[in-house]
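There are 2 protein chains.
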Amino acid sequence: MAASIYPKYPPDLTKAQFDHLITSIKDYSIAHGLAVRPQPSFVPPESDPAGVLATTAPVTLFPSLFPRACFDEAKAIQKAYNELYASIANDEEWLKDIVEELAEVDDFIAKLWKVHLAVKEEGYTQDLSLGLFRSDYLVHVEPSNPSAKPEVKQVEFNTIASSFGGLSEKVGDLHRYLYNTSCYPPTPSSSSGTASNLINTSSLTPNHTISSLSSGLAAAHDHYGPSKTSNQKCIIFLVQDPERNVFDQRPLEYTLQVTHSIPTFRVPFSSILLNTSIDNTHSSRPLLYTPPHSPESVYEVSVVYFRAGYALSDYPDETAWTARHQVERSCAIKCPTILTHLAGSKKIQQVLATPSSPHLSRFLKDPAVADRVHQTFTNIYPIDDTNAGREARAIATDEGKSNGYVLKPQREGGGNNIYRAAIPKFLKSLPESHWKGYILMELIEPPAQENAILRNGEVQRGQIIGELGIYGACLWRKGENSPTLLENEEAGQLLRTKGRESEEGGVAAGFGSVDSCLLIDV
Amino acid sequence: MAASIYPKYPPDLTKAQFDHLITSIKDYSIAHGLAVRPQPSFVPPESDPAGVLATTAPVTLFPSLFPRACFDEAKAIQKAYNELYASIANDEEWLKDIVEELAEVDDFIAKLWKVHLAVKEEGYTQDLSLGLFRSDYLVHVEPSNPSAKPEVKQVEFNTIASSFGGLSEKVGDLHRYLYNTSCYPPTPSSSSGTASNLINTSSLTPNHTISSLSSGLAAAHDHYGPSKTSNQKCIIFLVQDPERNVFDQRPLEYTLQVTHSIPTFRVPFSSILLNTSIDNTHSSRPLLYTPPHSPESVYEVSVVYFRAGYALSDYPDETAWTARHQVERSCAIKCPTILTHLAGSKKIQQVLATPSSPHLSRFLKDPAVADRVHQTFTNIYPIDDTNAGREARAIATDEGKSNGYVLKPQREGGGNNIYRAAIPKFLKSLPESHWKGYILMELIEPPAQENAILRNGEVQRGQIIGELGIYGACLWRKGENSPTLLENEEAGQLLRTKGRESEEGGVAAGFGSVDSCLLIDV
């Protein structure tokens, strides 16, 4: 953990201030749909068999500090990131080598690739793709140079089911409401860098995720063109069932239904084959949806928005893969296609972020833009026989050098990371032939800060880490060498804050919450 | 119960339609704050000590049928009702006789009157009064003439804490959303009076309670004029604590805070003396409010909005009466004043609605307007030595004639009503000297209809009664002979629906819900 670069924050509260703040949060959140279905550990399912209870989504009591320059930079480069990932998804040639290598060690990737190959053989009938992306960052402060400017460094790039766009706009509204109604202690008249005057109208961050993400879906719906069958068009959200986080997804549906007047339906991922079919009388293979609640109405699906299907657990058997194949081979616009889904895998991030990697310039032709994106990478090395792999070995086998790194297994899943000085001993315990199953990543060192989180009716206070996500909405047409971007927008932000995993104590690790950025000039 | 004048309604649902409808209601309601804190019988307080859980407010699955002409008439006469009750509250002379008689049998009324007299003696310092009223109606169909047009007949007129304005707008939005997203079975192509085509855009009723009631409070805030002390002005909501129905009240606060930029605070009725005081350095007696969460901030209260203080249980001891007295003698604008509060007592309604009563014309000078208001009265008789009282005796002691009546004790509280043919026997069991403690009211006979109510996660279906409430917002200045109306608006509607108390079974009586009107031409 880097030392704090921030002033003391958040302000201390008296008992009366604390009680008033909590009451205000509890009521505002429910009145505005900033909610989740309660966890089974909080409300056992047998106490609420109909599932009608809800509770405040886990939120921070205060907006968390975030360096203004870092926030601005992350927002500013989102369109370049959209273009980068659209270009990667467009470049099957380039993806192929990486994915096939990855497929050897990862069944999930292998199966996705197999679906793509099958559809490719048959011939894709839809050349439009929609990406609702989210690029996630931590603020990094160089431990060896604490006076250097903090920077945003990318944690990961999400190309499927980028969540929390619905709740993140609302938590920003909540924090602004709390500020405007004097729920935060007032600014003292002497305002020389003290904590309590940090909150003001220009440090609170406006957000527009709900309208922006919905507009992305609506744009794809429009670009789909007229119905190929005689049926009305619709958008479907593929969802998990049950879904506790439904109040994050619903605002996008309501905006599509009410503002854009587009019929929009939720379809459980497990019900794809039950409720959709391909109309084989049309060579373009339109996807038809028949609502179970209205079997006489048939819709033609313009856009399939995946809010499920990203995890192996969504595919309990071959039927699920048949379902994914049905969607992929249809001419519905996928958000995302399988190629776009694959472009979001950790391995792609590693390939791009390997020092001296030539790949970024393949996709971003403007060197200045490529350089700006590159600045957000932390170094990620393979541990193999390449030049970069040999460089990684030199670091990972030296206790001193390995101190700023984390060793991660290549496969998705996490939880088995090896940190810092423990890396050399761990590597030595493995046969060298297994080393290529790992990547070595430079640690991002976020500055220390505190906040408090309301979750399940309990408030936990302590050291926290806030991960900034910037959404992007991008619609492109497949091109020979590069995609044609029809829409390319930065689509708002998320601050997801959790307790810091550390020996210093504080908020229990893993207790995540939605948060908003309080910008600070540091 | 009158026979139904309506076509078969609501439409039958398949299992899939029912499930989809319930899921849509459960999610839409929480996403839009159409919520309540759960009853202790549903969620025991020890399961949620912090009180963070919420659930869908009790709602009907479908909007209930309501005759269009009745709806239009009730809306059209609301301004006249506002004027009527403002005029009654303005006419202390007239009120005095009625209230003093009532005070003999009702301690609560007596205590309210005593507070008024004390302030009158000291001298009122505020000549503005705000009324946020609600006039409640049932549809009446004359049993002896089933082909006569249905009419609205008034159940009661509320002058204090008229509730459900926040939720009623949202339930109308819910029903419109359900219609627009095809959650109700679609209209069949043959549309000759079948039930399912009753729901359409022109039969669903737009509503605007939240903005209208908030505007009434904001108008009073503005008319209060500049702060008399050096403090910022604010509005306070006097509330019960705890309050399960907080999501009905909060939307008004949020609109005042966000749209009107007026500081607005909730003050438990029991905390008035703790958190407010009168600034005695000003002869006008401004009311000051010091928020417990911000003791260094002092506000001058422009408007006190009572959402508590209407029931005897809010006054457990003399301190509560001292508190009411403090508010009444301050120069804050009261919503309502004690005179306005008293104007809403059942006895006033009876005096106005007694056959051949001369009182209505005292307050409504235009005979056409007075006649229109009069049409909404059902006959209400005292059982005393007046002419009307003798008429009442003749009805109440005759089994045949008493069949269209209900006998109610004069005192507030209810639950001891005697119906129809049981009235003569009951009266004969009482000494005649006690008869004047009762009133005889012509029964309102609403037409039969069915609906289903979602409450605590359970759906109950059966015969229902829907009570229409029309809100009014009225601000007036006390005048010598009549008040000067500064604002006079019809402020939206409520349909509150409950199971019919009847031997026919159906939805359990008393299980109320919020509903919206589906207008029908009958």
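As you go down the protein sequences, you meet chains P and L in turn.
Just so we're aligned: 229 in UniProt numbering is position 229 of the first sequence, and the numbers increase by one with no gaps anywhere.
Just so we're aligned: 364 in UniProt numbering is position 364 of the second sequence, and the numbers increase by one with no gaps anywhere.
For glycine and all other residues, C-beta sits at the position ideal for the given N, C-alpha and C.
Item	Value
Taking the alpha-carbon positions, what's the A220 (chain L) to P10 (chain P) distance?	37 Å
Quick one: does L178 (chain P) have its CB under 8 Å from some CB of chain L?	no
List the residues that DSSP assigns as beta-bridge partners of E487 (chain P).	P:L475
Can you find a CB in chain L that lies within less than 8 Å of the CB of R307 (chain P)?	no
Determine whether the Cβ of V52 (chain P) lies closer than 8 Å to any Cβ atom of chain L.	yes
Quick one: what's I464 (chain L) bridged to in DSSP?	L:G499
Note down the Cα distance separating S163 (chain P) from Q240 (chain P), rounded to an integer number of angstroms.	13 Å
Starting from I30 (chain L), find everything on chain P with Cβ-Cβ shorter than 8 Å and list it in chain order.	I30, G33, A35, A54, F247
Buried or exposed: which applies to A394 (chain L), given that a residue is buried once 16 or more other Cβ atoms fall within 10 Å of its Cβ?	exposed
If the criterion is Cβ atoms closer than 8 Å, does the pair T322 (chain P) and A54 (chain L) meet it?	no
Output yes or no for whether 8 Å exceeds the beta carbon distance between L238 (chain P) and G309 (chain P).	yes
Please go through the same chain and pick out, in chain order, the residues whose beta-carbon is closer than 6 Å to the beta-carbon of D12 (chain P), but skip the five residues on each side of it.	none
Relative to the C-alpha of Y179 (chain P), which candidate in P:S168, P:A161, P:S202, P:G389 has its C-alpha closest?	P:S202
Which of helix, strand or coil does DSSP assign to T187 (chain P)?	With a pLDDT of 49 at T187 (chain P), under the threshold of 50, the modelled position of that residue is not reliable, and the figure given next carries that caveat. Correct three-state label for T187 (chain P): coil.
Who are the Cβ neighbours of T181 (chain L) in its own chain at under 6 Å, not counting the five residues just before and after it?	none
Give me, in chain order, the residues of the same chain whose beta-carbon lies closer than 7 Å to that of Q78 (chain P); leave out the 5 immediate sequence neighbours on both sides.	S135, I470, G472, E490
When you compare only the Cα positions, how much space is there between P63 (chain L) and F247 (chain L)?	21 Å
Please report the straight-line C-alpha distance between A195 (chain L) and Q449 (chain L), rounded to a whole angstrom.	Because A195 (chain L) carries a pLDDT of 45, less than 50, the predicted location of this residue cannot be relied on, and the following value inherits that uncertainty. The alpha-carbon atoms of A195 (chain L) and Q449 (chain L) are separated by roughly 12 Å.
Report the neighbours of Q257 (chain L) on chain P: residues whose CB is nearer than 8 Å to its CB, in chain order.	Y177, N180, T181
Output, in chain order, the set of chain P residues within a Cβ distance shorter than 9 Å of R250 (chain L).	D27, Y28, I30, A31
Measuring alpha carbon to alpha carbon, tell me which residue in P:H223, P:H140, P:N387 is nearest R477 (chain P).	P:H223
Can you check which of these residues, P:E92, P:V141, P:D107, P:A343, is closest to S313 (chain P) by C-alpha distance?	P:D107
State the Cα-Cα distance for the pair Y81 (chain P) and K428 (chain P), rounded to the nearest angstrom.	37 Å
Contact between the region 324-344 of chain P and the region 112-122 of chain P is defined here as three or more beta-carbon pairs at a separation below 8 Å; is this criterion met?	yes
Establish whether the CB of P38 (chain P) and some CB of chain L are separated by less than 8 Å.	yes
If you draw a straight line from the C-alpha of G437 (chain L) to the C-alpha of V301 (chain L), how long is it?	40 Å
Whose C-beta lies closer than 7 Å to the C-beta of T319 (chain L) among residues of the same chain, with five residues either side of it excluded?	L273
What number of angstroms, rounded off, separates the C-alpha of S270 (chain P) from the C-alpha of I338 (chain P)?	18 Å
How close, in whole Å, do the beta carbons of Q126 (chain P) and A332 (chain P) come, if the pair is a contact with beta carbons under 8 Å?	7 Å
Within this structure, are the beta carbons of L85 (chain P) and F133 (chain P) separated by less than 8 Å?	Note that residue 85 (chain P) is Tyr in the sequence shown here, rather than Leu. For Y85 (chain P) and F133 (chain P), yes; Cβs fall inside 8 Å.
Residues in its own chain within less than 7 Å of L359 (chain P) by CB, not counting five upstream and five downstream?	It should be noted that the sequence gives His, not Leu, for residue 359 (chain P). Hits under 7 Å: V351, L352.
DSSP state of Y177 (chain L), grouped into three classes?	helix
For S168 (chain P), which three-state DSSP category applies?	helix
Can you give me the Cβ contacts of H260 (chain P) inside the same chain, cut-off strictly under 6 Å, excluding the 5 residues immediately before and after it?	A218
Give the interface partners of D48 (chain P) over in chain L, defined as CB-CB distance under 7 Å, in chain order.	G457
What does the alpha-carbon distance come out to for the pair P226 (chain L) and A148 (chain P)?	52 Å
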